[in-house]
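Notes to accompany the following structure.
Protein chains: 2
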Amino acid sequence: MGRRDLGLLFSELPCETAAVFTHNIVSGAPLLVTREAVETGGVRAVVANSGIANAATGERGIEDAYVMQSRAAEALGIEEREVAVASTGVIGERLPMEQISAGIRLAAGVLGKGGAGFAESILTTDTRTKGTAVRAEIGGRTITVGGTAKGSGMIHPNMGTMLAFLTTDAAVEGACLKETLSRVTDRTFNRVTVDGDTSPSDMALLMANGAAGNEPLTLDSPNYPIFAEAVENVARTLAREIARDGEGATRLVEVAVEGAASEESAVALAKSVVASNLVKAAVFGEDANWGRVLTAMGNSGVTFDPGAVELWFGPIKVFSGGEPVPHDEAEANATLASGEVKITARLSEGDASATAWGCDLSYEYVRINGSYRT
Amino acid sequence: MGRRDLGLLFSELPCETAAVFTHNIVSGAPLLVTREAVETGGVRAVVANSGIANAATGERGIEDAYVMQSRAAEALGIEEREVAVASTGVIGERLPMEQISAGIRLAAGVLGKGGAGFAESILTTDTRTKGTAVRAEIGGRTITVGGTAKGSGMIHPNMGTMLAFLTTDAAVEGACLKETLSRVTDRTFNRVTVDGDTSPSDMALLMANGAAGNEPLTLDSPNYPIFAEAVENVARTLAREIARDGEGATRLVEVAVEGAASEESAVALAKSVVASNLVKAAVFGEDANWGRVLTAMGNSGVTFDPGAVELWFGPIKVFSGGEPVPHDEAEANATLASGEVKITARLSEGDASATAWGCDLSYEYVRINGSYRT
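Chains as they are written, first to last, in our numbering: chain A, 9 to 382; chain B, 9 to 382.
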């Protein structure tokens with residue numbers, strides 16, 4: 009492949025680690041192994057490969073995932089249960105275990121020597137690495153939350169082919185870490201859609217090793233909201249980058265719904281718009297086709313009064329009171345020409361709001377997915 | 009536009025008429041008028057236009073739909089309540105009422121003079137007209153069921169931008185006709201998906217004028233199953249033609265699910281596969297990517313054991329017992345090269361089965377929908 013396709017992430021200190029996994033019934037072998045490790049407690053390393061997902065590979069695939077875990081533990085000098093395994097790529101093919109084992113030894117040898125090796129190793133059809141970090145003060149200590157992710161195709165609410173690894177040096181109690189990752193995933197990664205398909209391989213991990221030396225955080229700590237916000241900021245940045253780098257995407261599309269009856273309704277409405285092939289193709293074609301936005305909302309399963317909806321493309325109001333607002337169409341189309349497109353829908357059902365992220369549907373998406381394996 | 013875009017369908021005899029409408033919350037003005045007419049009883053004419061959907065056009069759009077109904081009634085010399093109105097096309101623009109009125113007079117003048125004028129008048133991005141008819145014997149009388157439809161984009165289970173008009177000379181009681189259309193729609197039109205979007209304009213009408221002179225049918229008539237089958241055959245043919253002529257489609261994709269726990273589960277599984285962008289793009293690329301089929305099933309919301317699933321592309325078994333069945337990949341890809349692609353999934357959850365129809369996802373779909381209005 010001519011690029012890195014195996015990576016190790018490792019904390020020298022012990023960690024608290026939380027994880028969330030795909031909701032797809034078809035779940036890859038690595039998820040079984042990682043779920044088990046996270047439940048046992050103490051995961052402080054990740055071994056990840058791209059190219060082959062090790063999903064739909066039967067019993068032998070599960071054995072391969074355990075071997076991968078074991079080889080990584082050996083190379084790092086830690087317990088097997090301390091290693092999470094992640095794979096992404098083609099479904100139904102077995103891992104080339106000799107190359108995997110050699111790759112693990114190689115990666116362990118260069119650990120701590122810098123470089124974006126891990127972020128690169130997890131990419132598939134992604135066009136660039138994704139990473140970010142934020143700092144915050146907690147009880148006089150500076151803590152850092154960092155993260156890297158891959159996305160691209162099969163991305164949809166409820167975790168598409170997405171791998172996200174968040175790390176922090178904050179000290180956080182286990183239950184608190186778990187709740188934080190779950191809440192944040194709901195508000196960030198689960199609001200991204202590229203193509204409506206979900207993958208068997210998706211996971212997000214949040215590892216905290218306590219090196220910052222703060223009093224361990226619980227949900228009740230006065231400083232907890234600062235930590236939660238830092239994690240959400242990292243996750244939101246990664247989620248947006250995943251949407252922006254969707255397969256074949258030329259634009260990031262952000263859909264904001266306001267005035268919904270509940271956050272759940274707002275999320276469903278925003279996701280329905282951002283997932284609509286017709287809306288996505290219209291954005292690609294720079295056609296401010298608000299009829300498709302309204303129709304996608306009507307198709308969301310949420311009940312609302314269409315006559316009370318207001319729609320904007322960027323700052324331009326295009327629909328209100330059940331009919332079009334006269335506007336300069338060229339100007340509305342121009343709001344779709346930049347790299348970031350914002351569509352806003354305001355209802356009069358209540359006070360809830362939500363944002364979802366996606367991308368346009370281009371010729372390139374069809375090209376990539378018409379010839380992924382060949 | 010250089011093609012017919014207004015049509016009239018008319019029965020000289022009075023009719024029983026049943027109708028089903030879009031489930032989209034955003035519903036076009038013509039649907040309001042047609043629903044009212046069908047509920048009042050006696051609809052025996054349809055006036056339809058393509059190009060503008062008359063949806064999201066406010067109070068004035070509703071007035072326009074009533075005017076359209078009234079002009080058609082006048083031209084045909086019947087009551088307003090006997091006329092159904094259907095519009096399809098761009099959302100949010102008002103109808104050019106002068107042209108519509110002139111078109112109605114013109115169409116009324118050539119009624120009964122043959123030709124596929126009506127079938128052509130309802131097309132939007134469709135590439136060809138769709139029509140079929142079947143004959144059957146009922147109590148010594150020959151009855152005919154015929155139908156025409158348009159589809160193309162915004163097609164999805166629960167009635168995409170689909171118009172379907174079925175007519176029969178059988179005598180059928182009102183309640184029986186209604187139940188027949190509802191059942192048949194569920195098993196045919198609602199199992200078609202082109203792009204997962206639904207439209208505000210969709211409707212299917214079934215008109216029966218009794219000219220065949222049979223004893224009026226009820227659900228309990230010994231001959232009812234013959235009639236129901238005839239209607240279902242017409243609707244299935246139209247549904248398949250809609251899928252085959254999906255926007256940008258190069259192939260009809262038929263997904264059959266067997267061995268499901270319930271018909272509802274089988275439908276959900278089949279629809280999830282046929283609606284998956286990744287499956288659709290793989291078919292376009294002639295890539296027998298069964299991993300995407302399995303994953304789309306896992307993403308359907310239906311619970312099942314993936315390890316007990318068997319998958320076929322055409323006659324070639326590709327997955328069984330939780331892992332790939334060794335097969336000639338070129339041979340499997342070749343099953344995607346013809347105009348009709350068949351994908352079969354067999355579960356071991358029960359005895360229920362269902363079939364759904366769709367099409368591939370091509371560059372042309374993106375081109376059409378990136379430049380529909382412009």
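Heads up, the beta-carbon is just placed ideally off N, CA and C, and yes, glycines get one too.
The alpha-carbon separation between Glu372 of chain B and Gly299 of chain B amounts to approximately 25 angstroms.
For Leu319 of chain A, there is no enclosing alpha helix (DSSP H); the enclosing beta strand (DSSP E) has its first and last residue at Glu318 to Phe321.
Judged by DSSP in its simplified three-state form, Lys279 of chain B adopts helix. By the Cβ test, the segment 228-241 of chain A is not in contact with the segment 329-347 of chain A, since fewer than three Cβ pairs between them sit closer than 8 angstroms. Any Cβ of chain A closer than 8 angstroms to the Cβ of Val349 of chain B would place that residue at the interface, and such an atom is absent.
Here the alpha carbon of Asp253 of chain A sits roughly 19 angstroms from the alpha carbon of Leu174 of chain A. Neighbours of Trp365 of chain B in chain A, taken as residues at a C-beta separation under 7 angstroms, are lacking, since the least C-beta distance is about 17 angstroms.
As for any beta strand (DSSP E) of minimum length 3 sitting wholly inside the segment 151-196 of chain B, the runs are 171-176, ordered along the chain. Across the segment 283-295 of chain B, CB contacts with chain A closer than 9 angstroms involve Ala283, Ser284, Asn285, Leu286, Val287, Lys288, Ala289, Ala290, Val291, Phe292, Gly293, Glu294 and Asp295, in sequence order along the chain. Taken in chain order, the members of the segment 320-334 of chain B whose beta-carbon sits within less than 8 angstroms of a beta-carbon on chain A are Phe327, Gly329, Gly330, Glu331 and Pro332.
According to the DSSP secondary-structure assignment, Cys23 of chain B is paired through a beta bridge with no residue.
The beta carbon of Leu286 of chain A lies closer than 8 angstroms to those of Asn297, Arg300, Thr303 and Ala304 in the same chain, with the five residues before and after it left out.
In the DSSP assignment, Arg79 of chain B falls within the alpha helix (DSSP H) that extends over Gly66 to Leu84. Listed along chain A, the residues sitting closer than 8 angstroms to Phe312 of chain B by beta-carbon distance are Ile33.
In summary, Gln107 of chain A is exposed, with fewer than 16 beta-carbon neighbours lying within 10 Å of its beta-carbon over all protein chains present. If you look at Lys121 of chain B, you'll find it isn't in any beta strand (DSSP E); DSSP assigns it neither H nor E. In this model, Glu181 of chain A and Glu24 of chain A are separated by some 7 angstroms (Cα to Cα). In this structure, the CA atom of Glu101 of chain B is about 21 angstroms from the CA atom of Phe29 of chain B.
When only Cα atoms are considered, Ile324 of chain B and Arg248 of chain A end up about 41 angstroms apart.
In the three-state reduction of the DSSP assignment, Ile376 of chain A falls in the helix class. CA-CA distance, Asp368 of chain B to Asp295 of chain B, rounds to 12 angstroms. Interface residue (Cβ-Cβ distance to chain A less than 8 angstroms): Leu344 of chain B is not classified as such. Gly148 of chain A and Val242 of chain A have their C-alpha atoms some 21 angstroms from each other. For the segment 77-101 of chain A, the beta-carbon criterion of a distance under 9 angstroms to any beta-carbon of chain B is satisfied by Val98, Ile99, Gly100 and Glu101. Less than 8 angstroms separates the beta-carbon of Asn57 of chain B from that of Asp13 of chain B. Rounded to the nearest whole angstrom, the CA to CA distance from Ala183 of chain B to Pro208 of chain B is 26 angstroms. For Ala144 of chain A, the closest of A:Ala362, A:Arg43 and A:Ala220 by C-alpha to C-alpha distance is A:Ala220. Around Gly306 of chain B, the same chain offers Pro314 as residues with beta carbons nearer than 7 angstroms, after the five sequence neighbours per side are excluded.
For a Cβ distance threshold of 7 angstroms, residue set Thr303 and Gly306 of chain A lies close to Pro208 of chain B, ordered along the chain. In this model, Asp134 of chain B and Gly125 of chain B are separated by some 15 angstroms (Cα to Cα). Bounds of the beta strand (DSSP E) holding Ile351 of chain A are Glu348 to Arg354. Within the segment 229-267 of chain B, the complete alpha helix (DSSP H) runs of at least 4 residues fall at 232-252. Straight-line measurement puts the Cα of Met170 of chain B at about 5 angstroms from the Cα of Asp210 of chain B.
Taking a cut-off of 8 angstroms for Cβ pairs, the segment 335-355 of chain A and the segment 82-97 of chain B do not touch, as fewer than three such pairs fall below it. Interface criterion met: the Cβ of Ala64 of chain A is under 8 angstroms from a Cβ in chain B. With a 10 Å radius around the Cβ and a threshold of 16 neighbouring Cβ atoms, Thr311 of chain B comes out exposed.
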